[in-house]
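A.B. asks:
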Amino acid sequence: MPSTTTSGYNTLIHEAELSLKELSVNTIDDAAIALSLLFRLQSWKANRSPDTDMTSVVSCTQLLNENPALNSLLNIVQRQDCPDYSLITHSPLFPALVSEKSRKILQDLRMKMGGMAEGNSLFPVWVPPVVHSHPIYKNVDVQNHCKALQLRKSADMSPDFCIILHGLGEFKHDEVLGGRVERLFSSKHKFFVNASGTGKTRLCYEGLTSHWGLYFTLEVDSGNLGSLDMEDKLNYLMEKHQYHRVLDHDALEQNSRLAKHEFGSILLSRLLVFQLFLEFLVDVDNGALTNDHKMRWLEIQLTPSIFGVARQDVFTRLGNALGEDETDVANLQVNIDDVLRKIQHVIGSDPIFVVIDEAQIGVEENLFVSRDGKPLLWELIRVWQTLTHGACTFICAGVNIPRSIFDGEVGADFEWTSDTGSFDDPDAHEQYIRKFLPPTLRDSPSGQFLVARLWRWCRGRHRMTDKFLNILLYEGLQFPHTTLSLYILEGTDLEPLDAVGICYEEAYPNPKTWNFSFGKPSFEALSPDDQDLTRAVLYSFMATQQSQKFTSEYTSLVSRAHACFVDAHLSEIIFDEPLVLVLAARQLFPFPYEALRGIPNNRPSTFITALQINPPRTRLSIAHCLAFYLSQVLGNGRILTDVLKFPHGIPGWARQTGQLVRFHTDDEGAVRHSIVDSDAFRSLLPLATTTSTLEETIKWIKHSYGTAFCIPSSPNLDLLCAIRLADGSFIWLAVRALATDEPMSDDSLRPMVSDLDIDSMFREASVDTASVTRAIDSLHSLPGLKQRPCLLRAVTAFPVEVDLRNCIDKRCRDAANLSFRALRRKKNQVMQEDFFEAMVNGAIAGTKRKSRWDEGAMHDNRQRAKEHRMRLNQKFGGDYIWTRVAEPEYIWDLRSEDFYGEYDPLNAVPAPRQRQAPPSRKPRKQPPQSKSRQTQKGSRRKR
34 MPSTTTSGYN
44 TLIHEAELSL
54 KELSVNTIDD
64 AAIALSLLFR
74 LQSWKANRSP
84 DTDMTSVVSC
94 TQLLNENPAL
104 NSLLNIVQRQ
114 DCPDYSLITH
124 SPLFPALVSE
134 KSRKILQDLR
144 MKMGGMAEGN
154 SLFPVWVPPV
164 VHSHPIYKNV
174 DVQNHCKALQ
184 LRKSADMSPD
194 FCIILHGLGE
204 FKHDEVLGGR
214 VERLFSSKHK
224 FFVNASGTGK
234 TRLCYEGLTS
244 HWGLYFTLEV
254 DSGNLGSLDM
264 EDKLNYLMEK
274 HQYHRVLDHD
284 ALEQNSRLAK
294 HEFGSILLSR
304 LLVFQLFLEF
314 LVDVDNGALT
324 NDHKMRWLEI
334 QLTPSIFGVA
344 RQDVFTRLGN
354 ALGEDETDVA
364 NLQVNIDDVL
374 RKIQHVIGSD
384 PIFVVIDEAQ
394 IGVEENLFVS
404 RDGKPLLWEL
414 IRVWQTLTHG
424 ACTFICAGVN
434 IPRSIFDGEV
444 GADFEWTSDT
454 GSFDDPDAHE
464 QYIRKFLPPT
474 LRDSPSGQFL
484 VARLWRWCRG
494 RHRMTDKFLN
504 ILLYEGLQFP
514 HTTLSLYILE
524 GTDLEPLDAV
534 GICYEEAYPN
544 PKTWNFSFGK
554 PSFEALSPDD
564 QDLTRAVLYS
574 FMATQQSQKF
584 TSEYTSLVSR
594 AHACFVDAHL
604 SEIIFDEPLV
614 LVLAARQLFP
624 FPYEALRGIP
634 NNRPSTFITA
644 LQINPPRTRL
654 SIAHCLAFYL
664 SQVLGNGRIL
674 TDVLKFPHGI
684 PGWARQTGQL
694 VRFHTDDEGA
704 VRHSIVDSDA
714 FRSLLPLATT
724 TSTLEETIKW
734 IKHSYGTAFC
744 IPSSPNLDLL
754 CAIRLADGSF
764 IWLAVRALAT
774 DEPMSDDSLR
784 PMVSDLDIDS
794 MFREASVDTA
804 SVTRAIDSLH
814 SLPGLKQRPC
824 LLRAVTAFPV
834 EVDLRNCIDK
844 RCRDAANLSF
854 RALRRKKNQV
864 MQEDFFEAMV
874 NGAIAGTKRK
884 SRWDEGAMHD
894 NRQRAKEHRM
904 RLNQKFGGDY
914 IWTRVAEPEY
924 IWDLRSEDFY
934 GEYDPLNAVP
944 APRQRQAPPS
954 RKPRKQPPQS
964 KSRQTQKGSR
974 RKR
């Protein structure tokens, strides 16, 4: 600490300035004396005692010999008529007044910096290993292609490359990507928030290739890009000081003071190295700075170990040295002011950005608590903003950063953005992929199919495609489709069966030996609300192949990596990425397994048991499940009374076989119909069309959409389809779905059944009578329509059935109960595997835009894929690898009493009981609906 008063320093300052004016610099010894005076002068101005070692003439002489540019600058200033020594003290050539240990680190760094400040990239070029690799990597064309890509490694000894570095700095040449970067790197502080893997880090890198800045990350990932200084500091705070939530005011204030010292030292360390970097970019004439220099400075920050002893991180070493010295800690503000002044002397008015990546680490509970109980990130921003006096613009990039924490002293002046973009266009996705593929693969049918499969499975966030391309180029070019299938298996726990033949042709010798590192979200231990929402999304894709957007109320979907923001303002969320959806389906619907006697069966073999474990909670979700169910039970023809239970007498026409059909128009406008078989979900054509207006419903009835089912907007109706009877006639099936956990009274059911009548089911408050009449007339105009009745009304309730016997006249023959459980004791019932596969195919087909190479091949049935492989082995003489997997059987899900008698859903309905006050329970959230549905209230149903 200073041992002289401020007034004493003023006297010393005055005397030193007079000595400088009288000093004549003719030799290096004279220059050393001048430099010594300047060191002392600057120390006194900072109200600190000069370092005797640093200010010694011997040390100054050595410094000038090692730094000729500083010596030249001294001579230039001395030759001025009125020497301006601020040209020296404000220059990055003038060393920082820090402790001896820190100066030694900087001096060692200075000796290595010169050759790295300019020239080629610091990241070594990756070339594919020829030894121990597959034959394709010995191909000259493939080798030349890989070399031309200029893929970069994080270090010489690293065997793999970092695909995030490919083409770094090129976003500025793309209108969309460049605009996104410039919006992020504007003059406003930013919180940059989106799901993991959406490209936040790459956008931050891109901004720092054209703007000066500091890049920090609170956690270094497997790519080993970035300094460990912040991550090590967090570990230090947790382990050394045992940080935990404390309530004592003094303890919280002590935390804040300690945070200033620790984080301030890290900031000063980075700024000092930045100053040193700039020292080598400018000569005494102040040479021009370019974006190439900004790129090189970013590379230094991403691979700081190149300067260290034994590959140590120089930023961490320097930050620790500064934090361990009491004088350096006491003078943090002075030193930061000094180094910022020197930096700005070189870069001029260019802004300095401070990027804090993986910022969500800084808001984790119990990691750090500052004053007022604020988390580490809050304290970090406050400390650094205070120390930099507004000289820097901050960008905090992360996954889950709560707005509520950053709306006061810290964060109130920050903008919030989620503008990452995604692979949401098949043409752009293909263009990105093709540049990585060797020409022989890229232009082949196999390569084109690979592009189609990648769009089908990996569209969405950037990491899903990039991770695969990394694996493909590193060791998968010999077996590209097998590599993709194994990648999908690792990411979703599902073996994809959309490329069985081509994977067989690739003849990978042992496809179970690769171990892919794939960071993936989890759907285990979800809350009931989150389980309901996830199921609703899966059921929607299964039936309609359509995604839906969620509001910011569902931000937890993003923080769990289940979904992404798709706008720039953190307001629109989409949960539609195939790999994530398939993983969710697999975790919620695991492969069937026969449970031991007396143990609950959590891995059922049948559709109905799986549905009971994962019940649809809304009418809309029941309609989605019904579309799948009916496509299975009526897809191959079945006696209608097998699935429809009539409350009173069974009409004669209902004893016929019925088959599900879809109507469509051919190129000449003629109406055609096709049988919808049980494999219909393995198609790019969805099972159902959801309409948001009665006009759209009429278009469906008139065959404009060509799908088997309509999920109409009308509040009285949930599902509409046509069935072809054995006599060749057709009948409409209109279904009202009920999501109920309790039996319903006759008084509640009776108006619902009545509203299903053909004259009533399209009525709603916002629709005129003429439109209703047109809808009814459209139903009657179906060619070959059966008369009396032309429409069969059905009610489906789940998980509790309803009894229609007291709700309709005993003479009525056009109303029935449609039960999911009707076949639960039958061998030919719907199985869980088909249910799961329908969700998978809905997910991978769930986008309106398809790859131009997509020929419609979907995820196949496991049994058929097995038979396909056996045929290929018989044809080509290969060895079939038998897998010991027990084929699921329906009896796994039956109890002993279930083996006797038919199941009648009407007799299974419990009697309505007296309503009692329900226990206190937080109401479940329901998935958001389309705007048109949200506006339909009152008479409109809650879906």
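Note that the numbering used here has the sequence shown beginning at 34, numbered continuously upward.
Ideal placement from N, C-alpha and C gives every residue a C-beta, glycine not left out.
Predicted, not measured: the structure shown is a model, and the values here were computed from it.
Pull up the DSSP beta-bridge partners for Leu825, would you.
C.D. replies: Leu825 is bridged to Leu766.
A.B. asks: Less than 8 Å between C-beta atoms, sequence neighbours within five positions excluded: which residues of the same chain meet that for Gly256?
C.D. replies: Closer than 8 Å at the Cβ level, and outside the excluded window around Gly256, lie Ser187, Cys195 and Ile197.
A.B. asks: For Leu815 and Arg496, what's the separation of their Cα atoms in angstroms?
C.D. replies: Using only the alpha carbons, I get a separation of about 49 Å.
A.B. asks: Assuming Val768 contacts Thr829 (C-beta within less than 8 Å), just tell me the rounded distance between them.
C.D. replies: At roughly 6 Å, the Cβ-Cβ gap stays under 8 Å, so Val768 and Thr829 are in contact.
A.B. asks: Run through the DSSP bridge pairs and tell me what Thr722 is partnered with.
C.D. replies: According to DSSP, which records beta bridges pairwise, Thr722 is partnered with Cys743.
A.B. asks: Using 8 Å as the threshold, is the C-beta distance between Glu448 and His736 below it?
C.D. replies: No; because the gap between Cβ atoms is not below 8 Å, this pair is not in contact.
A.B. asks: Check each candidate in His595, Ser382 and Ile376 and name the one with the smallest Cα separation from His123.
C.D. replies: Checking every option, the nearest Cα to that of His123 belongs to Ile376.
A.B. asks: What first and last residue would you give for the beta strand (DSSP E) that runs through Cys754?
C.D. replies: That run of the beta strand (DSSP E) goes Leu752 to Leu758.
A.B. asks: Identify, in the order they occur along the chain, each residue of the same chain with its Cβ nearer than 7 Å to the Cβ of Cys840, setting aside the five sequence neighbours on each side.
C.D. replies: Asp779, Leu782, Arg783 and Val786.
A.B. asks: Under DSSP, the alpha helix (DSSP H) around Arg844 begins and ends at which residues?
C.D. replies: Where Arg844 is concerned, there is no enclosing alpha helix (DSSP H), given that its DSSP letter is neither H nor E.
A.B. asks: Would Phe869 and Phe622 be called neighbours here (beta carbons separated by less than 8 Å)?
C.D. replies: In this structure, Phe622 lies closer than 8 Å to Phe869 by Cβ.
A.B. asks: What does the alpha-carbon distance come out to for the pair Val131 and Tyr507?
C.D. replies: The alpha-carbon atoms of Val131 and Tyr507 are separated by roughly 46 Å.
A.B. asks: What is the DSSP secondary structure of Ile339, counted as helix, strand or coil?
C.D. replies: Looking at Ile339 - three-state DSSP - the assignment turns out to be helix.
A.B. asks: Would you check if the region 798–818 and the region 859–866 touch, i.e. whether three or more CB-CB distances between them fall below 8 Å?
C.D. replies: With a cut-off of 8 Å, the region 798–818 and the region 859–866 do not count as touching, because too few Cβ pairs lie within range.
A.B. asks: Considering just the uninterrupted stretch of the beta strand (DSSP E) at Ser707, what are its terminal residues?
C.D. replies: Residues Val704 to Ile708.
A.B. asks: Kindly indicate which three-state DSSP category Pro633 falls into: helix, strand or coil?
C.D. replies: Note: Pro633 maps to coil in three-state DSSP.
A.B. asks: Compare the Cα-Cα distances from Arg650 to each of Ala594, Val570 and Asp710 and report the closest residue.
C.D. replies: Minimum Cα distance to Arg650 is reached at Val570.
A.B. asks: Let's see if you can read the secondary structure: which residues bound the beta strand (DSSP E) around Gln345?
C.D. replies: Gln345 -> no beta strand (DSSP E), and no H or E assigned at all.
A.B. asks: Just how far apart, CA to CA, sit Ala7 and Met575?
C.D. replies: What the structure shows of the chain is the stretch from 34 to 976, and residue 7 is not part of that stretch, so it cannot be assessed.
A.B. asks: Over the uninterrupted beta strand (DSSP E) stretch that includes Tyr248, give me the two end residues.
C.D. replies: Tyr248 -> beta strand (DSSP E) spans Trp245 to Thr250.
A.B. asks: Does Lys180 come out as helix, strand or coil in the three-state DSSP assignment?
C.D. replies: Helix, per DSSP.
A.B. asks: Taking the alpha carbon of Arg112 as the point to measure from, which residue in Ala485, Leu53, Ile438 and Glu208 has its own alpha carbon closest?
C.D. replies: Of the listed residues, the one whose Cα sits closest to Arg112 is Leu53.
A.B. asks: Does the distance from the CB of Val387 to the CB of Gly246 come in under 8 Å?
C.D. replies: For Val387 and Gly246, yes; Cβs fall inside 8 Å.
A.B. asks: Here's the rule: buried if 16 or more other CB atoms are within 10 angstroms of the residue's CB, otherwise exposed. What is Gly493?
C.D. replies: Looking at its Cβ environment, which holds 16 or more other Cβ atoms inside 10 Å, Gly493 is buried.
A.B. asks: For Pro459 and chain D, any beta-carbon pair shorter than 8 Å?
C.D. replies: The displayed structure is made up of one protein chain only, and chain D is not part of it.
A.B. asks: Do Thr242 and Met263 come within 8 Å of each other at the CB atom, strictly closer than that value?
C.D. replies: No, they are not a contact pair.
A.B. asks: Within the continuous alpha helix (DSSP H) that includes Val209, where are the two ends?
C.D. replies: Its alpha helix (DSSP H) spans residues Glu208 to Leu217.
A.B. asks: Taking only the alpha-carbon atoms, compute the straight-line gap between Val615 and Asn288 and give it to the nearest angstrom.
C.D. replies: Their backbone Cα atoms lie some 45 Å apart in a straight line.
A.B. asks: Across which residues does DSSP place Gln418 in a beta bridge pair?
C.D. replies: Answer by DSSP bridge pairing: none, since Gln418 is not bridged.
A.B. asks: So, for Lys843: in the same chain, excluding its five sequence neighbours on each side, which residues have a beta-carbon less than 7 Å away from its beta-carbon?
C.D. replies: Hits under 7 Å: His681.
A.B. asks: Secondary structure at Ile46, three-state DSSP: helix, strand or coil?
C.D. replies: DSSP places Ile46 in helix when its eight states are reduced to three.
A.B. asks: Would you identify the three-state DSSP class for Arg946, choosing helix, strand or coil?
C.D. replies: Residue confidence is low: Arg946 scores 49 on pLDDT, short of 50, so the model does not pin down where it sits. No coordinate-derived value is stated.
A.B. asks: List in chain order: all unbroken beta strand (DSSP E) runs of 3+ residues lying wholly within the region 432–480.
C.D. replies: As far as the region 432–480 is concerned, its whole beta strand (DSSP E) runs of at least 3 residues are 447–450.
A.B. asks: For Ser604, which of Arg436, Leu559 and Gly232 has the nearest alpha-carbon?
C.D. replies: Selected option, being the one with the closest Cα: Arg436.
A.B. asks: What does Lys223 pair with, by DSSP beta-bridge criteria?
C.D. replies: Beta-bridge pairing links Lys223 to Ile428 and Glu448.
A.B. asks: Classify His901 as helix, strand or coil using the three-state DSSP reduction.
C.D. replies: Reduced to three states, the DSSP call for His901 is helix.
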